[in-house]
Amino acid sequence: MPKTKKNIKAKNELLPILYKITREVNSNLGLKHCLKSIIENTVKLLNVERASLMLLDKQKKELRIECATGISQAVISKARVKLGEGVSGWVAKSAKPLLINDISKDKRFRPREKGKYYNQSLLSVPLKVRNEVIGVLNVNNKKRRLAFVKADLELLSALANEASIAVYNARLYQQLLSANERLKELDRLKSDFVANVSHELGTPLATCRYFTSLILKEAAGPIGQQQREYLQMMDSNIERLTRLINNLLSLSRIEAGKFDLRRTQVILSNLAANVLSNFEGLFKEKQIIAENRISKDLPQVFVDAERVVEIFTNLIGNAVKFSPKNSKITLDASVITKNIPQGTSRNYLRVSVADTGKGIAQEDLGKIFVKFEQLEQDLPQKEKGTGLGLAICREILRLHKGEIWAESVLDKGTTFFFTLPIYTEEEFFTERLSDEIKRARSSQSSLSLIVLSIVDFYNLITRLSHDEILGILFEVESVAKKTVRRPNDIVIRFKKGEILAILADTNAQGAYALAKRVTDMLEECEFKTSGGLMKLDFEVAAATYPDDGATETELLRAVEKVLAKGKE
Amino acid sequence: MVDKKENSKKRILVVDDEPDFLMAIKAMLEVNGFEVLAATDGQEGLSVARLEKPDLIVLDLMLPKMDGYKVCRFLKFDEKYRMIPIIMLTARGQEDDKQLGKEMGADFYIVKSERPEILLKKINEFLKIG
Numbered sequence: 088m089p090k091t092k093k094n095i096k097a098k099n100e101l102l103p104i105l106y107k108i109t110r111e112v113n114s115n116l117g118l119k120h121c122l123k124s125i126i127e128n129t130v131k132l133l134n135v136e137r138a139s140l141m142l143l144d145k146q147k148k149e150l151r152i153e154c155a156t157g158i159s160q161a162v163i164s165k166a167r168v169k170l171g172e173g174v175s176g177w178v179a180k181s182a183k184p185l186l187i188n189d190i191s192k193d194k195r196f197r198p199r200e201k202g203k204y205y206n207q208s209l210l211s212v213p214l215k216v217r218n219e220v221i222g223v224l225n226v227n228n229k230k231r232r233l234a235f236v237k238a239d240l241e242l243l244s245a246l247a248n249e250a251s252i253a254v255y256n257a258r259l260y261q262q263l264l265s266a267n268e269r270l271k272e273l274d275r276l277k278s279d280f281v282a283n284v285s286h287e288l289g290t291p292l293a294t295c296r297y298f299t300s301l302i303l304k305e306a307a308g309p310i311g312q313q314q315r316e317y318l319q320m321m322d323s324n325i326e327r328l329t330r331l332i333n334n335l336l337s338l339s340r341i342e343a344g345k346f347d348l349r350r351t352q353v354i355l356s357n358l359a360a361n362v363l364s365n366f367e368g369l370f371k372e373k374q375i376i377a378e379n380r381i382s383k384d385l386p387q388v389f390v391d392a393e394r395v396v397e398i399f400t401n402l403i404g405n406a407v408k409f410s411p412k413n414s415k416i417t418l419d420a421s422v423i424t425k426n427i428p429q430g431t432s433r434n435y436l437r438v439s440v441a442d443t444g445k446g447i448a449q450e451d452l453g454k455i456f457v458k459f460e461q462l463e464q465d466l467p468q469k470e471k472g473t474g475l476g477l478a479i480c481r482e483i484l485r486l487h488k489g490e491i492w493a494e495s496v497l498d499k500g501t502t503f504f505f506t507l508p509i510y511t512e513e514e515f516f517t518e519r520l521s522d523e524i525k526r527a528r529s530s531q532s533s534l535s536l537i538v539l540s541i542v543d544f545y546n547l548i549t550r551l552s553h554d555e556i557l558g559i560l561f562e563v564e565s566v567a568k569k570t571v572r573r574p575n576d577i578v579i580r581f582k583k584g585e586i587l588a589i590l591a592d593t594n595a596q597g598a599y600a601l602a603k604r605v606t607d608m609l610e611e612c613e614f615k616t617s618g619g620l621m622k623l624d625f626e627v628a629a630a631t632y633p634d635d636g637a638t639e640t641e642l643l644r645a646v647e648k649v650l651a652k653g654k655e
Numbered sequence: 279m280v281d282k283k284e285n286s287k288k289r290i291l292v293v294d295d296e297p298d299f300l301m302a303i304k305a306m307l308e309v310n311g312f313e314v315l316a317a318t319d320g321q322e323g324l325s326v327a328r329l330e331k332p333d334l335i336v337l338d339l340m341l342p343k344m345d346g347y348k349v350c351r352f353l354k355f356d357e358k359y360r361m362i363p364i365i366m367l368t369a370r371g372q373e374d375d376k377q378l379g380k381e382m383g384a385d386f387y388i389v390k391s392e393r394p395e396i397l398l399k400k401i402n403e404f405l406k407i408g
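For the record, the sequence lines run as chains L and V.
Quick note on my numbering: the first sequence kicks off at 88 and runs consecutively.
Quick note on my numbering: the second sequence kicks off at 279 and runs consecutively.
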């Protein structure tokens, strides 16, 4: 075979091995594993007796063996080579490769421990990261006493390059890990601080508030007009400080991601009416007419009621603050459809809180949702806000996958709008499942999902009417409902003939026991159809958090996989 | 304000470890015609509650020796004291604590820094006054 052809063939054989190494280097196998694989392949590919990979300790200016073959463990753990000393030291210092075929004839280097191991030929290349030497890759004694050639040098350089990347990646990862640890620690300190502040500030403030109120009520003796005025100012400033602390706490909790929504299905109209009733005193004082036009017939929303009350309270509070006497505040809501990026659309409930106050200039509309941003307003001290209310509203809505914005005409009034997603029954179920998983994660408990599926459902669809199918599914649902604690934890998948149920605090074993009990009960049942009573067969599948999946999608996929297998 | 005579027999136990706040809340309740028993830690609170059987308890959450939850649980799990309404005082930012407290059987929660009128209104509701 001509020499060039032979070379090409040899190179072709190398490619898959180099490719494998590259893949290992870029995967998450850990540095030790990567370097071991590189050394093993080096010995094989270069056909040598020994190979060693040394890393440079920058502070001590010495090289240490990180990984090697053909060298005893004692030597590996003890060997230290000063920068500039010996072959490795020379390569590390000069950042140049070295090829020596008979070291005894090279005056620059003398084998240090003659007799222990014999080095005749050697090849040594630097490991470099961004032009900085981080170590050396050495090979000794080509087998059958062959000489090293230029191709060997090229190959070793390629391997050294891979090793450099592996070391670099591992070091970066290590840095990232420790930076992440530091951040976590800081975050923990911050939340501890916030919790302590809330407690430490709360009690003194409450004490001031109680005594101020007592003196104002003349419980400690009569007070004069001037004293009353001063005390009232104290009182309203205590109120302001309290609100500021409360808002700061809410915001810092939301920002820290520590805010778990407690979502339930809510009729918004009732919620709004409750908040309005809290404002009755203020409305009377300013002779404001408030109207709740939010219809009771609108679809329910899946929200944290306390947080939505906070939104309403903020928006209505603002409206009252910026409205003149004898004005009007109107609450309304309607269903809107918005296109979402994936080319589909989603329904939202769009809620509005409108006032007939002095309005906000167009250029200021964007600013109002920014923390501590307060517009220049001539407000009495008592009505000064904290500059956090709208920022909190925006964060709460972000957690609910909704939005908030304002429209305004100067001297005519301002309308605040916010949206809340309206979920289909199945989406609602998925959202609930996601909440349950979060809860299970924080309480380190398990959670199971079971799916009851009617066998041969597609055949059933062709034989029965829509109403008959629905009737059957409702009956199946009512049997399933007896087994879960909360009826909301169940959903019917009409198109698939399935009943899905969330089982809080239930492990895989519990889920299967329960699923079996339900199927046994269902297989006893006789379902009404126009053609008389019929029995049905059921399939059941369960998936448990965290064993079968960590997210709602993973759990749903896990149960679907089980059901699909059953159908094969 | 409530008629003093009508409440002369209603006794409220207040448990809080901050002497100034304890004094403030005591004064506020006394002005409104209640008799006030005071305790400054959880253990003391529990023993006073058992000994005196007050008509209502205002209980701070964070207390030395025994926290508010425990006091609450001991009383609510006991036939003899179960009927005594317990209003828990919490600091803001402890929504999780609130949930836990609910499971421990407290009847109501009030954030400490809220206006005193709110606490008073709730007490009157529980004692069916006014």
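Backbone N, C-alpha and C define an ideal beta-carbon position, used for all residues, glycine too.
Cβ of residue i within 8 Å of Cβ of residue j?
i, j, result
"LYS400 (chain V)", "ASP333 (chain V)", "no"
"SER159 (chain L)", "LEU185 (chain L)", "no"
"PRO592 (chain L)", "LEU534 (chain L)", "The residue asked about is misnamed: residue 592 (chain L) is Asp in this sequence, not Pro. Against a cut-off of 8 Å, the Cβ pair of LEU534 (chain L) and ASP592 (chain L) comes out as a contact."
"LEU324 (chain V)", "MET344 (chain V)", "yes"
"VAL220 (chain L)", "ALA182 (chain L)", "yes"
"LEU590 (chain L)", "ALA598 (chain L)", "yes"
Using 10 angstroms around the beta-carbon of residue i, count the other beta-carbons present and answer buried if the total reaches 16, otherwise exposed.
i, result
"HIS553 (chain L)", "exposed"
"ALA478 (chain L)", "buried"
"SER251 (chain L)", "buried"
"THR294 (chain L)", "buried"
"ASP239 (chain L)", "buried"
"ILE95 (chain L)", "exposed"
"ASP576 (chain L)", "buried"
"ASN546 (chain L)", "exposed"
"GLY346 (chain V)", "buried"
"LYS76 (chain L)", "Examination of residue 76 (chain L) is not possible in this model, given that chain L is present from 88 through 655 alone."
"VAL605 (chain L)", "buried"
"VAL236 (chain L)", "exposed"
"ARG481 (chain L)", "buried"
"VAL178 (chain L)", "buried"
"SER72 (chain L)", "Residue 72 (chain L) is absent from the structure shown; chain L starts at 88 and stops at 655."
Which of helix, strand or coil does DSSP assign to residue i?
i, result
"ASP498 (chain L)", "coil"
"SER364 (chain L)", "helix"
"THR156 (chain L)", "strand"
"ILE388 (chain V)", "strand"
"LEU101 (chain L)", "helix"
"GLU172 (chain L)", "coil"
"GLU518 (chain L)", "helix"
"ASN227 (chain L)", "strand"
"GLN150 (chain L)", "Reading off the sequence, residue 150 (chain L) comes out as Leu, not Gln. Strand."
"THR570 (chain L)", "coil"
"PHE355 (chain V)", "coil"
"GLU136 (chain L)", "strand"
"ASN379 (chain L)", "strand"
"GLU403 (chain V)", "helix"
For residue i and residue j, what's the separation of their Cα atoms in angstroms?
i, j, result
"TYR249 (chain L)", "GLU626 (chain L)", "The question names Tyr, yet the displayed sequence has Glu at residue 249 (chain L). Spanning the two alpha carbons is a distance of roughly 52 Å."
"ARG269 (chain L)", "LEU259 (chain L)", "15 Å"
"LEU315 (chain V)", "MET366 (chain V)", "16 Å"
"LYS354 (chain V)", "LEU288 (chain L)", "30 Å"
"SER410 (chain L)", "THR443 (chain L)", "6 Å"
"VAL438 (chain L)", "SER364 (chain L)", "18 Å"
"LYS203 (chain L)", "LYS277 (chain L)", "Its pLDDT being 49, under 50, LYS203 (chain L) is placed unreliably in this model, and the value from its coordinates should be taken loosely. Each residue's Cα considered, the two are about 59 Å apart."
"GLU397 (chain L)", "LEU143 (chain L)", "59 Å"
"GLY476 (chain L)", "LYS408 (chain L)", "13 Å"
"ARG167 (chain L)", "ILE152 (chain L)", "8 Å"
"ILE427 (chain L)", "TYR435 (chain L)", "11 Å"
"SER495 (chain L)", "LYS425 (chain L)", "22 Å"
"ALA448 (chain L)", "TRP492 (chain L)", "14 Å"
Within the present structure, is the beta-carbon of residue i separated from the nearest heavy atom of the ligand COA by less than 7 Å?
i, result
"THR638 (chain L)", "For the ligand COA, the structure offers nothing, since it holds no ligand at all."
Stretch-stretch touch, CB-based, cutoff 8 Å, three pairs: the region 350-363 of chain L with the region 390-409 of chain L:
yes
Would you call the region 292-301 of chain V in contact with the region 637-648 of chain L, where contact means no fewer than 3 C-beta pairs closer than 8 Å?
no
Does the structure place the region 407-417 of chain L close enough to the region 368-386 of chain L that three or more beta carbon pairs sit under 8 Å?
yes
For the region 488-508 of chain L against the region 609-621 of chain L, do three or more pairs of beta-carbon atoms, one drawn from each stretch, fall closer than 8 Å, so that the two count as touching?
no
With contact counted as at least three CB pairs below 8 Å, one residue from each stretch, are the region 393-403 of chain L and the region 523-530 of chain L in contact?
no
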